[in-house]
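Below: one structure, written as structure tokens.
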């Protein structure tokens, strides 16, 4: 497995953060980053792994904190379901 490519969970986490921002649910992306205790540079390294030539990923704890706080369906993050929000 090439560790310099984002996992589906990384791609969907970034997509979910973008959707929260675009919908107005959060005013700034940093709000979501704060919930997970990560900073902008960490997320940029995840988003641009091929540029930085290192594998950096959201951890299970990052995903749990994010999903719990914003009522996001973790199965969406892992690419198992298409509904972003929990029912």
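Numbering (the working numbering), first residue to last: 334 to 420.
The C-beta atom is built at its ideal place from N, Cα and C for all residues, glycine as well.
Note that the structure is predicted; figures quoted are calculated from it, not measured.
When you compare each of 414, 404 and 339 to residue 376 by their alpha carbons, which one comes out closest?
-> Selection 414, 404 and 339 evaluated against residue 376 yields 339 as nearest (Cα-Cα).
Determine the DSSP secondary structure at residue 396, reduced to helix, strand or coil.
-> In this structure, residue 396 counts as helix in the three-state DSSP scheme.
Locate the alpha helix (DSSP H) running through residue 408, then write down its first and last residues.
-> Secondary structure note for residue 408: its alpha helix (DSSP H) is the uninterrupted segment 407-410.
Could you please give the first and the last residue of the uninterrupted alpha helix (DSSP H) stretch that includes residue 345?
-> 341-356 is the extent of the alpha helix (DSSP H) around residue 345.
Candidates 348, 353, 412 and 361, of which the one nearest residue 403 by Cα = Measuring C-alpha to C-alpha distances from residue 403 to each of 348, 353, 412 and 361 identifies 353 as the nearest.
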